[in-house]
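Each residue of the sequence shown is one higher than the last, beginning at 93 in my numbering. In what follows, a structure is listed as structure tokens, so that the remarks can point back to it.
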Amino acid sequence: AASHPASSTGAHPTSGDIKIQNVVATCSLQCKVDQRLLCQKARNAEYNPKRFAAVIMRIREPKSTALIFGSGKVVVLGAKSEAESRIAARKYAKIVQMCEHPLVKWKDFKVNNMVGVANCNFPIRLEGLVLSHAKFSSYEPELFPGLIYRLAKPKLVLLIFVSGKIVMTGAKTVNDMHVAFEKMYPVLVEHKKEVLSTLDMPSKHGAAENGGKGKTLALTAGPSGKGGQGR
């Protein structure tokens, strides 16, 4: 049975290079919201109850979008950090308050999801990874090009691509992402795709003596110059 990988002990170039792409957070305004009135008073809002039950509001700084429900619940999307998301949530609450909702009180801010991107800077053998970690991963390239890896602790999902790019989602903190990346990095190194491994041949002569250059040319160009395998 597969088990979760142990943490990496050695430092590596990309250990801290995680870019936050999106933070999803919620908060409460502690009162009911007249959505039609809000949409009339706020210039940066739109409301179409036949399509969606929330007022959609946007601000430029920090760049984000809010979904404001009649119950007073607010969902903030698109911020690049928890701090930005918190600032945006306060701004949305202030806007609603100024639009004839004097009872608004900003409360219960909570980050529900963070999406971040990292890169191993080397290609990965996804077929080998899904075989050795079948309990936690799934890979169906005809449906989706990435391997889906569900990490239990911290609880989040990693989308791992053959290029070495990793998208992490479901994290509640940035630290969750760093811990997850540190756990996965040694496993990804184990399944590093050796670009020239398919070029190895038993012959000790010919192109092998030139560091494989001859075989590389044969594979890239082929006997007819159309990408054949030189056989």
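Heads up, the beta-carbon is just placed ideally off N, CA and C, and yes, glycines get one too.
In terms of Cα proximity to Asn204, the closest of Phe144, Ile252, Lys247 and Glu274 is Lys247.
For the 9 Å CB-CB criterion, Lys133 and Cys212 do not form a contact. For Lys186, the secondary structure class from DSSP, reduced to helix, strand or coil, is helix. In the three-state reduction of the DSSP assignment, Ala117 falls in the strand class, which pools E and B.
Contact between Leu121 and Val188 holds, since their C-beta atoms are separated by about 6 Å, short of 8 Å. Secondary structure at Leu235: coil, using DSSP grouped into helix, strand and coil. If you ignore the 5 residues before and after Gly262, its C-beta comes within less than 7 Å of the C-beta of Asn205, Lys247, Leu248 and Val249, all in its own chain and listed in chain order. In the DSSP assignment, Gly220 falls within the unbroken alpha helix (DSSP H) covering Leu218 to Ser224. Per DSSP, Ala263 is one residue of the beta strand (DSSP E) stretching across Lys257 to Ala263. Under DSSP, the beta-bridge partners assigned to Glu138 are Ile148. If you check the CB distance, Ala117 and Val196 do not come in under 9 Å. Counting C-beta pairs with one atom in each stretch, the region 149-158 and the region 224-241 have fewer than three that are closer than 8 Å, which means they do not touch. Take Phe161, set aside five residues on each side of it, and the residues of its chain with a beta-carbon closer than 6 Å to its own are Ala146, in chain order.
For a cut-off of 8 Å, the C-beta gap from Asp109 to Ala210 is around 6 Å, short enough to register as a contact. For Asn136, the closest C-alpha among the options Val279, Lys257, Met149 and Ala185 is that of Met149.
Beta-carbon to beta-carbon, Val259 and Ser177 are separated by about 19 Å, too far to satisfy the 8 Å threshold.
Assigned with DSSP and collapsed to three states, Phe273 falls in helix. Bridge pairing for Gly162: absent [DSSP].
Separation of Pro233 and Lys124 (C-alpha to C-alpha, rounded to the nearest whole angstrom) is 46 Å. Assigned with DSSP and collapsed to three states, Asp268 falls in helix. DSSP places Lys202 in the uninterrupted beta strand (DSSP E) bounded by Lys199 to Asn211.
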